[in-house]
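Notes follow the structure.
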Ligand SMILES: [Ca+2]
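Numbering (full-length UniProt numbering), first residue to last: 1 to 151.
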């Protein structure tokens with residue numbers, strides 16, 4: 001079994017890496033909380049990533065999401081998370097896990113995350129921090145089946 005991990009960092013579209021707040025679940029090595037590069041102190045941020053699923057057999061795929069304060073997440077245009085506006089500690093510590101196995105397909109996939117501070121008009125600041133940490137984990141069969149190849 002092979003595992004692919006795609007986590008938020010500056011390689012995501014419009015993603016600005018930000019320092020994690022002490023109240024948030026801390027990011028792992030190589031991953032970062034992000035907010036919108038287009039409006040770093042704005043009340044909302046949209047970041048996106050295109051990634052490839054090379055295996056035709058995805059055994060299981062999960063999305064770990066920590067967001068201050070709430071989010072809308074689309075994968076391949078389909079809604080995975082649609083939060084109502086709220087301030088919920090659980091959303092950023094410990095964060096939430098979603099099964100996204102059925103949202104992925106072989107080839108190119110797109111994830112779009114819109115994160116929102118709360119109250120909705122409140123910009124990102126030290127007094128009212130905001131951030132998004134996402135981690136996609138894809139477990140797939142790493143065996144190359146040669147049954148379709150004829151030499
Ligand atoms: Ca906040």
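The beta carbon of each residue, even a glycine, is placed where N, CA and C say it ideally should be.
Rounded straight-line distance, which links the Cα of residue j to that of residue i
i, j, result
"residue 138", "residue 6", "9 angstroms"
"residue 141", "residue 126", "44 angstroms"
"residue 90", "residue 98", "14 angstroms"
"residue 94", "residue 47", "21 angstroms"
"residue 134", "residue 55", "21 angstroms"
"residue 84", "residue 122", "16 angstroms"
"residue 32", "residue 77", "24 angstroms"
"residue 96", "residue 86", "15 angstroms"
"residue 21", "residue 34", "12 angstroms"
Residue i classed as buried or exposed, judged by whether at least 16 other C-beta atoms fall within 10 angstroms
i, result
"residue 2", "exposed"
"residue 79", "exposed"
"residue 27", "buried"
"residue 19", "exposed"
"residue 129", "buried"
"residue 119", "exposed"
Short Cβ contact (8 angstroms threshold) for residue i with residue j
i, j, result
"residue 64", "residue 109", "no"
"residue 38", "residue 69", "no"
"residue 12", "residue 131", "no"
"residue 124", "residue 41", "yes"
"residue 82", "residue 103", "no"
"residue 58", "residue 107", "no"
"residue 36", "residue 16", "yes"
Any non-hydrogen atom of ligand 1 within 7 angstroms of residue i CB
i, result
"residue 128", "yes"
"residue 68", "yes"
"residue 117", "yes"
Anticipated Cβ contact below 8 angstroms, residue i with residue j, distance rounded
i, j, result
"residue 92", "residue 67", "6 angstroms"
"residue 113", "residue 71", "6 angstroms"
"residue 116", "residue 44", "5 angstroms"
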